[in-house]
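Following: one structure in structure tokens, then a few remarks.
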Amino acid sequence: MYLKAPLATLSSSTSSRSPGQRLQRTLLSLVSAVLLADAVVLMMWNHFNVGVVVPGALGAVGALLAWLWPEVQRWRHSKRSHAALWKWGWILLALWVLSVLIFWSRLLGVGVPPVQVPAVEAIVVLGSGTQDGRPRPVLQERLDTAAQLARLQPMALIAVCGGIDWGETESEAAVMARYLIERHSISPERLVMEGESTSTELNLQLSRPLLQERGVDATAPMAMVSSDFHLMRAMGIAHRQGLTGMVPVAAPIPLATRYNAWLREYFAMLSSWALGEV
Numbered sequence: 009m010y011l012k013a014p015l016a017t018l019s020s021s022t023s024s025r026s027p028g029q030r031l032q033r034t035l036l037s038l039v040s041a042v043l044l045a046d047a048v049v050l051m052m053w054n055h056f057n058v059g060v061v062v063p064g065a066l067g068a069v070g071a072l073l074a075w076l077w078p079e080v081q082r083w084r085h086s087k088r089s090h091a092a093l094w095k096w097g098w099i100l101l102a103l104w105v106l107s108v109l110i111f112w113s114r115l116l117g118v119g120v121p122p123v124q125v126p127a128v129e130a131i132v133v134l135g136s137g138t139q140d141g142r143p144r145p146v147l148q149e150r151l152d153t154a155a156q157l158a159r160l161q162p163m164a165l166i167a168v169c170g171g172i173d174w175g176e177t178e179s180e181a182a183v184m185a186r187y188l189i190e191r192h193s194i195s196p197e198r199l200v201m202e203g204e205s206t207s208t209e210l211n212l213q214l215s216r217p218l219l220q221e222r223g224v225d226a227t228a229p230m231a232m233v234s235s236d237f238h239l240m241r242a243m244g245i246a247h248r249q250g251l252t253g254m255v256p257v258a259a260p261i262p263l264a265t266r267y268n269a270w271l272r273e274y275f276a277m278l279s280s281w282a283l284g285e286v
């Protein structure tokens, strides 16, 4: 009777030092280190969004579990309810990761390159983010793709969309317009600036009357330029707003931020679905 507690402690201590447990702890440490490093580096580049914060939080929790592994294993083996909680926690995490991977697989292949776009009356470029009056890398890729399409279709108007980002003094639309004019020699007369929006839904909603003022109806053929990961949700919003003539044009995304952007889009899609935007 008096040996039960010491024996349970000895059993959990021995199991925490077994080869299988050491391997689990090592793998957890490595994965946590990668997630933390990814988040820290991107935050140093002033990337603060859910696609960066979530990996950082998971990495921090994982690192703490690895650091306290013997204590965690003793807690796990101390009660049957603790063992069940440990087991179901990992099962739920695995199911969530699986849902993210399935969502990511659906993002692949959405959108066409500029050379495959049929004749359109307008090119709508969705905002993404600016810093110190310049486009961030993701937005720069969108603008470069839009400029390529604009050269192929010289009669199309170009709508640049986006309000003022936090900490900035100019709207995304103003920064985007300046970039297209200075970097790609786009004529200012072709530009339509929507500088009030703060979301994809508002990008499209607020640019619509501005394009109509220039003779482009909501059902007219238009190209929507955005990052490849963003197009599935953006096209859903466009169709819900009656913009039936939209052609999705995919802009590449830098590898350094690709998977964080995909993760951010996972949560953005959940939000859009909950709000009835798609």
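Under the numbering used here, the letters of the sequence shown match residues 9 to 286, in that order. Ideal Cβ placement from N, Cα and C applies to all residues, glycine included.
### Task
Report yes or no: do three or more beta-carbon pairs, one from the segment 230-239 and one from the segment 247-254, lie closer than 8 Å?
At 8 Å Cβ cutoff, the stretches touch.
### Task
Kindly indicate which residue of Pro262, Phe237 and Leu263 has the alpha-carbon position closest to the one of Arg2.
Any answer about residue 2 is impossible in this case: the structure gives the chain only from 9 up to 286.
### Message
Give me the residue from Leu66, Arg222 and Glu209 with the minimum Cα distance to Met277.
### Response
Translated into positions along the sequence shown, residue 277 becomes position 269. Of the candidates Leu66, Arg222 and Glu209, the one whose C-alpha sits nearest the C-alpha of Met277 is Glu209.
### Whether Arg241 touches Glu273 by CB criterion (8 Å)
Position 233 of the sequence shown, counted from the start, is the residue given in the question as residue 241. Position 265 of the sequence shown, counted from the start, is the residue given in the question as residue 273. Between Arg241 and Glu273, the C-beta spacing is below 8 Å.
### Task
Measure from the alpha carbon of Ile194 to the alpha carbon of each residue in Asn211, Arg159 and Leu218, then state which is nearest.
Position 186 of the sequence shown holds residue 194. Among Asn211, Arg159 and Leu218, the Cα nearest to that of Ile194 is on Arg159.
#### Entry: Span of the alpha helix (DSSP H) around Pro145
One-based indexing of the sequence shown puts residue 145 at position 137. Pro145 to Leu160 is the extent of the alpha helix (DSSP H) around Pro145.
### Message
Using the Cβ count rule (16 or more neighbours within 10 Å means buried), how would you classify Leu81?
### Response
Along the sequence shown, read from residue 1 onward, the residue named residue 81 stands at position 73. The residue you asked about is not Leu; residue 81 is Gln in the sequence shown. It counts as buried.
#### Entry: Residue from Val39, Ala47 and Ala41 whose Cα sits closest to the Cα of Ala264
Position 256 of the sequence shown holds residue 264. Residue Ala47 is the option with its Cα nearest to Ala264.
### Query
Taking contact to mean at least 3 C-beta pairs separated by less than 8 Å, is the segment 34-51 in contact with the segment 160-179?
Too few Cβ pairs lie closer than 8 Å, so no.
### Task
Could you name the residues of the same chain whose beta carbon sits closer than 6 Å to that of Ala71, not counting the 5 residues immediately before and after it, in chain order?
The residue labelled residue 71 in the question sits at position 63 within the sequence shown. These residues qualify, in order along the chain: Ser40.
#### Entry: Neighbourhood of Met9 by C-beta distance below 7 Å, restricted to the same chain and skipping five residues each side
As a first step, residue 9 must be located in the sequence shown, where it is residue number 1. Confidence in Met9 is poor, its pLDDT being 43 and thus under 50, which makes the residue's placement too unreliable to answer from.
### Query
With 16 other CB atoms within 10 Å as the buried threshold, where does Thr177 fall?
As a position in the sequence shown, residue 177 is number 169, starting the count at 1. That one is exposed.
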